[in-house]
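With numbering that gives the first Met the number 0 applied, the first sequence covers 0 to 575.
A virtual CB, placed ideally from N, CA and C, is assigned to each residue, including glycine.
Fair warning: this is a prediction, and the values are worked out from it, not measured in the lab.
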Amino acid sequence: MTNYEAAWLFLELADRVEVAGDNPFKAVAYRKAARLLEGLGEPFAEAWAAGRLRDRPGIGEAIHAKIGELVQTGTISALERLRREIPPGVMDMLTLPGVGPRHARNFWKVLGLEDLTALQEAAEQGRLRTVKGLGPKLELAVLRAIAQRDAAPGRQLLGLALPLARDLRESLARQPAVERVEIAGSIRRRAELVGDVDLVVASEAPEEVSDFFVRMPSFREVTAQGPTRVAVVHQGGLPVDLRLVEPAVFAAAWLHLTGSKEHNVRLRQRAKERGWQLNDYGLTGSGFSLPEEEDLYRALGLPFIPPELREDRGEIEAAEKGELPALVEESDLRGDLHVHSEWSDGTASLRELREAAARLGYEYLAVCDHSRSLAVARGLDAERLRAQRREIEALNAEGHPVYLLAGVEVDILGDGRLDLEDEVLAEMDLVVASLHSGFRQEPERLLARAAAALRHPHVDILAHPTGRLLGHRPPYALDVPALIELAVETGTILEVNATPDRLDLCDLHVRRFVSAGGLVAVNTDAHSTEHLVFREYGVATARRGWCRARQVLNTRSLPDLLAFLAREKGRRFSSA
DNA sequence: GCCGTTTTCGGCCCGACTGTTTTCAGTCG
Numbered sequence: 000m001t002n003y004e005a006a007w008l009f010l011e012l013a014d015r016v017e018v019a020g021d022n023p024f025k026a027v028a029y030r031k032a033a034r035l036l037e038g039l040g041e042p043f044a045e046a047w048a049a050g051r052l053r054d055r056p057g058i059g060e061a062i063h064a065k066i067g068e069l070v071q072t073g074t075i076s077a078l079e080r081l082r083r084e085i086p087p088g089v090m091d092m093l094t095l096p097g098v099g100p101r102h103a104r105n106f107w108k109v110l111g112l113e114d115l116t117a118l119q120e121a122a123e124q125g126r127l128r129t130v131k132g133l134g135p136k137l138e139l140a141v142l143r144a145i146a147q148r149d150a151a152p153g154r155q156l157l158g159l160a161l162p163l164a165r166d167l168r169e170s171l172a173r174q175p176a177v178e179r180v181e182i183a184g185s186i187r188r189r190a191e192l193v194g195d196v197d198l199v200v201a202s203e204a205p206e207e208v209s210d211f212f213v214r215m216p217s218f219r220e221v222t223a224q225g226p227t228r229v230a231v232v233h234q235g236g237l238p239v240d241l242r243l244v245e246p247a248v249f250a251a252a253w254l255h256l257t258g259s260k261e262h263n264v265r266l267r268q269r270a271k272e273r274g275w276q277l278n279d280y281g282l283t284g285s286g287f288s289l290p291e292e293e294d295l296y297r298a299l300g301l302p303f304i305p306p307e308l309r310e311d312r313g314e315i316e317a318a319e320k321g322e323l324p325a326l327v328e329e330s331d332l333r334g335d336l337h338v339h340s341e342w343s344d345g346t347a348s349l350r351e352l353r354e355a356a357a358r359l360g361y362e363y364l365a366v367c368d369h370s371r372s373l374a375v376a377r378g379l380d381a382e383r384l385r386a387q388r389r390e391i392e393a394l395n396a397e398g399h400p401v402y403l404l405a406g407v408e409v410d411i412l413g414d415g416r417l418d419l420e421d422e423v424l425a426e427m428d429l430v431v432a433s434l435h436s437g438f439r440q441e442p443e444r445l446l447a448r449a450a451a452a453l454r455h456p457h458v459d460i461l462a463h464p465t466g467r468l469l470g471h472r473p474p475y476a477l478d479v480p481a482l483i484e485l486a487v488e489t490g491t492i493l494e495v496n497a498t499p500d501r502l503d504l505c506d507l508h509v510r511r512f513v514s515a516g517g518l519v520a521v522n523t524d525a526h527s528t529e530h531l532v533f534r535e536y537g538v539a540t541a542r543r544g545w546c547r548a549r550q551v552l553n554t555r556s557l558p559d560l561l562a563f564l565a566r567e568k569g570r571r572f573s574s575a
């Protein structure tokens, strides 16, 4: 069982405890344990067996015993009991917006409703209002929620939500009543998937702003409207939350709305320890003027914490000790080490790609078209690769500021061999290896294939290591911690693929890899010149993985990069 | 269920909005 699966069981336990009506703080404790398991840097069973979980904050006697039960029996008896007690349809009710554990429990215990169909019928017949505290509005909300359940988009890619948020921000910024407007929430933290758009506006005339906002044509409905908060739904289905505050308290509101919830909880505890209260309006009782987030953090004895780190994954402890990493920035990138041209399935010529790279201020670009077995992508064989190299050499002879590297994205075949002979790979400036087939193989076989590539002396980079496509395809059943260990051992670069639906490696794996001494490459895998700007999402993922510039290969200058590749090749051959 | 330079018991972050209510519970973030 993976840490992620264990964490998921504790989250389920928390939900069920709430519906069962047990002490709600139990649920809080289980969720905290789930977070810890998810972010644990080693398999939870090993950590438990070695007694390393006992002293972790939030793990007491009872939860420690439950984890032990999970290790030994594969399940948790308290969870099994609640699964028998609460019908599955009742848990489904929690997915309806506006229905939390109390409503679900009332529907079940008071009205005897055990699934969404029964709930829908009862709502249609007006029977929900027979429960004290429930009325006709809730019946309507329930019916609408059930009707829209399948039409709802769920969480959306950062790559879609961030541009939308920026558009909305620009529109608001042009309003005279708006003094300042910023993006907050999970988009500001650059989460890979986001559930809504959060915006904060500073204004002396909030009603003017909210009137303008609800009339914007890009929204399909207004779901809440009060003096300080407006909630709407964008035409694409993404909810948008607008918070309106006085300019003087903007920073506190921005901090609060940026979250994460868990990060905020820690900051508020910290304020409380100092005899103050931190809320959306500032630090009550502190007497400080706090115009910016930096000032709030400073008042709490901390340096500014970048939004990408605000997940309560150790950033507060690191900040306390002055050990926050100086995170890699977009401007640190000197090139892109994985792009495709019209030679395979890309749309741009080498010259066009080079111009686009120049516009980003790059020093180099590695052209890594597909290899021959990927026929759907018009993969290149040795002969076409050599022809492409001749074109690249001719272009490089022009003295252009962007140097092109002749690379290849070589397929790792089903049996672990590479799709091109060693003598061909030896000619390349850069070899990127990747899995494009056999996604559903057994974990052992997948790992063996990946391992063969990592150990191959000609392979420099493993591309999109887990193969996931956000919202479409789960990661391969690959033992990523083992893969990471081997990549560190062999000195192979792992890619942080910046394509918005890949972001692969993901943030947690990046953190694990770089903290173990690994180097990543933030690559766009661009198939057109427009895709080069996807680097923003790759850099965001690296930052969420606590990545410094020196841990990213393509922050190096061209001479340093070439020297590194040559040195690595020499080392690999002497150890092979 | 966890936790302790206020505490081994009594707290646990805090506020906005909605709906159902004449003062608050539930949901959400």
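- Beyond the five residues adjoining it in sequence on each side, V177 comes within less than 7 Å, by CB distance, of L171, V200, S202 and V208 in the same chain, given in chain order.
- Closest in alpha carbon position to A251, among K271, L295, F211 and K260, is L295.
- Counting C-beta pairs with one atom in each stretch, the stretch 425–435 and the stretch 451–461 have three or more that are closer than 8 Å, which means they touch.
- In chain order, V231 and V232 place their CB closer than 8 Å to the CB of E220, counting only its own chain and leaving out the 5 sequence neighbours on each side.
- When the five nearest sequence neighbours on each side are left out, the beta carbons in the same chain lying within less than 6 Å of the beta carbon of R571 are those of P456, in order along the chain.
- Judged by DSSP in its simplified three-state form, S285 adopts coil rather than helix or strand.
- For H369, there is no enclosing alpha helix (DSSP H); the enclosing beta strand (DSSP E) covers residues Y363 to H369.
- In the DSSP assignment, the residues bridged to L493 are L461 and V519.
- L477 and L373 have their C-alpha atoms spaced approximately 21 Å apart.
- Nearest to S436 by C-alpha distance, out of E422, R454, T465 and L12, is T465.
- Contact fails between the stretch 342–350 and the stretch 442–452, because fewer than three Cβ pairs, one in each stretch, are under 8 Å apart.
- Rounded to whole angstroms, the separation of the alpha carbons of E307 and A28 is 24 Å.
- Straight across, the Cα-Cα distance linking E382 with S370 is about 11 Å.
- Residue ranges of uninterrupted beta strand (DSSP E) with 3 or more members, entirely inside the stretch 324–408 and ordered along the chain, are 334–338 and 363–369.
- Where T222 is concerned, the enclosing beta strand (DSSP E) starts and stops at F218 to Q224.
- Take the alpha-carbon of S340 and the one of E420: they are about 22 Å apart.
- In this structure, the straight-line span from the alpha carbon of R385 to that of L417 is close to 18 Å.
- The beta carbon of L507 is closer than 6 Å to none in its chain, skipping five residues each way along the sequence.
- For the set A144, Y402, T116 and R510, the Cα lying nearest the Cα of R542 is the one of R510.
- It is roughly 19 Å from the alpha-carbon of V327 to the alpha-carbon of I315.
- Taken through DSSP and simplified to helix, strand or coil, Q268 comes out as helix.
- Within the model, the alpha-carbon separation for Y402 versus L159 is close to 31 Å.
- With respect to V18, A103 sits close: the two C-beta atoms are nearer than 7 Å.
- Residue ranges of uninterrupted beta strand (DSSP E) with 3 or more members, entirely inside the stretch 126–195 and ordered along the chain, are 179–183.
- Around the CB of P56, fewer than 16 other CB atoms lie within 10 Å, so the residue is classed as exposed.
- Residue pairing for D410: DSSP places it in a beta bridge opposite S433.
- Nearest to N105 by C-alpha distance, out of E120, P87, I483 and T129, is T129.
- Beta-carbon to beta-carbon, L161 and D500 are separated by about 14 Å, too far to satisfy the 8 Å threshold.
- For L243, the enclosing beta strand (DSSP E) has its first and last residue at P238 to V244.
- At the C-beta level, L518 and A525 stay beyond 7 Å of one another.
- Beta-bridge partners of L417 (DSSP): I411.
- In the DSSP assignment, H233 forms a beta bridge with F218.
- Secondary structure note for Q440: it is in no alpha helix (DSSP H), with a DSSP letter that is neither H nor E.
- The alpha-carbon of G111 is positioned some 20 Å away from that of R80.
- Listed as beta-bridge partners of L277 by DSSP are L282.
- Assigned with DSSP and collapsed to three states, R571 falls in helix.
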